[in-house]
Amino acid sequence: MHYESTRNNKIKKTFSEVLLLGLAEDGGLFVPKKWPKISKNEIYKFKTMSYQQIAFHVSKKFINGEIDDKNLKKIIKKSFKSFSKKEIAYPKKFDENKWLLELYHGPTLAFKDYALQVVGNLFQYVLKREKKKITIIGATSGDTGSAAIDACKNKNTMELFVFHPYKKISNIQRRLMTTVKSKNIYNIAIKGNFDDCQKIVKKLFVDVDLKKKFSFSAINSINWARILFQIIYYFYSVSKIKSKNKKFIFSVPSGNFGNVYSGYVAKKIGLPIDKLIIGTNKNDVLSTFTNKGFIKLKNVKQTISPSMDIQLPSNLERYMYDLFSKNNDLVKIKLNELNKNKKVFIDKNKIKEIQNYFKSSKVSEKDTLKTIKVFFNKYDIILDPHTAIGIAADKDKKLSNRSVVYISTAHPSKFSETIKKVIKRKVNLPTKHKDLLKFKENYKILNLNYNKIKNYLINKSKFVKNV
Ligand SMILES: *Cc1c(COP(=O)(O)O)cnc(C)c1O
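Sequential numbering from 7 applies to the sequence shown in the numbering used here.
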C-alpha cells in the first residue's frame, strides 16, 4: 500500500508522508495506489464491534503497519474520548426504512470532529516520532476552525493559527473557537470576508521569506487522513442498522465533496451501498456535475447552510482521477480547461458511470426551511439547515425495498437563529456547552493588511526559526 498523486502516478508516498504533506508537490491530491478490500465476512463481524474497533480494522488497511497495532488502537481510543454518545455515530430510526445518522456528538458539534480528532492525534504521534514541529495555518467560515482547534489544543508538536472573517460567522461558531484555552492556539479575526481569509492563508503558504522560517502544514479537507476516518461511520451504520433491506442509500449534504467521497471509498472497498445522494444548496457545482456531466464555476453565494458554500469542491479531483481510469494527463487537461474557461465537460459516456454511484439534487432555501418545519411537526426532531438539505435532496418515493440513511452533519444549536424563524422556538446548546456564552473569549482582530498579518504570525509563533 502506497499513495500516488492524482496528477502524477510515479509519485510514491507512505501514509505518514501523505499525512504530513497534505497536498502533493505537484498540486495534486494523494490517493491509494490500490483499493484494499473489506470482505463480507469482516463486515459481518463488525455487527458486534464498537465504533473504535471498526475504526481500527478499517484504517489499518490504509496505514500499512506504519503505526503498530497497539499505538493505532491507543490513538483511536483517545480520539473519541470526548464524544458525548457511547455509540459515537448514532443512527436514529425516525420512520419505516429511514434513519438519521447523527454525526454531531463530538466536541464541536459537527461531523468534522469525527476525522479531525483522529488526525490531530496522528499528527502528534508521527511528529514526535520524527522529532518535528509544525505550524498549521487555516481559514474557516465556521465549522472547520473549531474542529481543528479542538483537535490541536494542548499538543506540543504543533501550533495553530486560525483566520475567520470578523463578524461574519455565528456567535456559537466563534465562541467554540475563541473560548478554548490553549497556549498553541491563535484565533485571528480578519476585517474582510471568508475569501479574503483564504487568500491570506494561500499567500502565507507560498511566501518565500516565511518558507525559510516555518514548517507549514494544513489540515483542511484535502488531507487523505480526513477522508479515511470519515469512511468509518458508513461501515459502522450499515453494521448496526437492523433492516430487512440489503440496499443502503446514504444522503449526504455536500460542499467540498469530502464526506460523500468517503462514502464512495466505502463502497469501493466493499460496503454494500446502492447509491449516494448528494444534496447541494444553490452553490450547485456537484448537482450539475452529477446530472449533466459538466462543471461550471460561478461566484460563491452565501446561504443559510454556510458550510456548503463552496465554489470548486476540492475532493472532486480524487473522484475524477478514478472516473478517468487513473489517467493523470486527462485530469490535468480537464483542470486546466476549467481554470481557463470556468467550464469543463465530462465525456457523455462517463455520465452513466457517475450516475451508477451518485444521484444529486439542488435544494432551495425555501425548501430547506420547509423541511425543517415539516420534520419538526411530524417527528418532533429539529434539523440543522445542512441536514435538512440532505433530506430534501432525496426525491425517491418508492420506499419499500430500500434503507435510507440521512447523514446529519451538525447539531441544530449551531444554527439556532435560522431554525428559530421556522419553528418559533430556541434550540438549546447541549449540556456540555451550556456555559459557552459565559466563557471569556480570546482573539485578535486585524485589518486586511498582509504585512501586518505576517508580522503577527512571526511575533507570536514559538516555532519560528531565526533565519
Ligand atoms: C463541512 C460541512 C458540510 C460539507 O461537507 P463536505 O465534506 O465539505 O462535503 C456539510 N455540513 C456541515 C455541517 C459541515 O460542517
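Beta carbons: idealized from backbone N, C-alpha and C, even for Gly.
{"Item": "Below 8 Å on the Cβ atoms is my contact criterion, and I expect I284 with S366 to pass it. Report the Cβ-Cβ distance as a whole number of Å.", "Value": "4 Å"}
{"Item": "Name the residue from K401, P113, V125 and K430 whose alpha carbon lies nearest to the alpha carbon of A231.", "Value": "V125"}
{"Item": "Kindly list the residues whose CB is nearer than 7 Å to the CB of K98, restricted to its own chain and excluding five residues on each side of it in sequence; keep chain order.", "Value": "W105, L106 and E108"}
{"Item": "Write down every uninterrupted run of the beta strand (DSSP E) in the segment 405-450 whose length is 3 residues or greater and which is fully enclosed by it, in chain order.", "Value": "409-414"}
{"Item": "Just how far apart, CA to CA, sit T415 and T374?", "Value": "14 Å"}
{"Item": "For Y363 and K273, which I take to be in contact (beta-carbon distance under 8 Å), what is that distance rounded to the nearest angstrom?", "Value": "7 Å"}
{"Item": "Within a Cβ cutoff of 7 Å, which residues of the same chain sit near K83, ignoring the five residues on either side of it in sequence?", "Value": "Q58"}
{"Item": "Smallest Cα separation from K529: which of S22, L25, F36 and L322?", "Value": "In this structure the chain extends from 7 to 473, so residue 529 is not present and cannot be described."}
{"Item": "Can A121 and Q204 be called in contact, C-beta distance under 8 Å?", "Value": "no"}
{"Item": "On the DSSP bridge list, what partners appear for F364?", "Value": "L282"}
{"Item": "What does a CB cutoff of less than 8 Å around N305 pick up in its chain, not counting 5 residues either side in sequence?", "Value": "Q317"}
{"Item": "Which of the three DSSP states is assigned to F382 in this structure?", "Value": "helix"}
{"Item": "Which residues mark the beginning and the end of the alpha helix (DSSP H) in which W230 is found?", "Value": "W230 to K246"}
{"Item": "Is any non-hydrogen atom of ligand 1 found closer than 7 Å to the C-beta of K460, if you look at the structure I gave you?", "Value": "no"}
{"Item": "Please tell me whether S409 and F241 are closer than 8 Å, where the distance is taken between their beta carbons.", "Value": "no"}
{"Item": "Measuring from the CB of F263, is there a heavy atom of ligand 1 at a distance below 7 Å?", "Value": "yes"}
{"Item": "Does DSSP put I459 in a helix, in a strand, or in coil?", "Value": "helix"}
{"Item": "Helix, strand or coil: which one does DSSP assign to F211?", "Value": "helix"}
{"Item": "In angstroms with no decimal places, state the Cα-to-Cα distance between H392 and T163.", "Value": "34 Å"}
{"Item": "Verify the contact flag: H439, CB atom, against every heavy atom of ligand 1, threshold strictly below 7 Å.", "Value": "no"}
{"Item": "Using CA atoms only, rank isn't needed, just tell me which of L442, K246, K438 and F330 is closest to K51.", "Value": "K246"}
{"Item": "Determine the extent of the beta strand (DSSP E) in which M164 is found, giving its start and end residues.", "Value": "M164 to P171"}
{"Item": "Thinking just about the alpha-carbon of each residue, which of I352, K138, I191 and Y96 is nearest to the one in I238?", "Value": "Y96"}
{"Item": "Got a sec? Which residues, its chain only, sit under 6 Å from S147 by beta carbon, not counting five neighbours each side?", "Value": "F200 and P312"}
{"Item": "One question on the structure: do N262 and S320 come within less than 8 Å of each other, judged by their Cβ atoms?", "Value": "yes"}
{"Item": "To the nearest angstrom, how far is the alpha carbon of K298 from that of L292?", "Value": "10 Å"}
{"Item": "Taking the alpha-carbon positions, what's the K281 to K139 distance?", "Value": "42 Å"}
{"Item": "In angstroms with no decimal places, state the Cα-to-Cα distance between K390 and N472.", "Value": "First, the amino acid is wrong: residue 390 is Asp here, not Lys. Approximately 47 Å, taken between the alpha carbons."}
{"Item": "In three-state DSSP terms, what is K161?", "Value": "coil"}
{"Item": "Taking its Cβ as the centre, do 16 or more other Cβ atoms sit within 10 Å of S370, making it buried, or is it exposed?", "Value": "exposed"}
{"Item": "Does the segment 169-188 come close enough to the segment 445-452 to have 3 or more Cβ pairs within less than 8 Å?", "Value": "yes"}
{"Item": "Cβ of H170 within 7 Å of any heavy atom in ligand 1?", "Value": "no"}
{"Item": "At what residue ranges does the segment 93-122 contain a whole run of the alpha helix (DSSP H), taking only runs of 4 or more?", "Value": "none"}
{"Item": "Since A272 is in the beta strand (DSSP E), which residue starts that stretch and which ends it?", "Value": "Segment G264 to K274 is the alpha helix (DSSP H) holding A272; no beta strand (DSSP E) there."}
{"Item": "Distance, Cα to Cα, K92 vs D353?", "Value": "46 Å"}
{"Item": "DSSP three-state call for F539: helix, strand or coil?", "Value": "Shown here, the chain extends from 7 to 473; a query on residue 539 therefore has no answer."}
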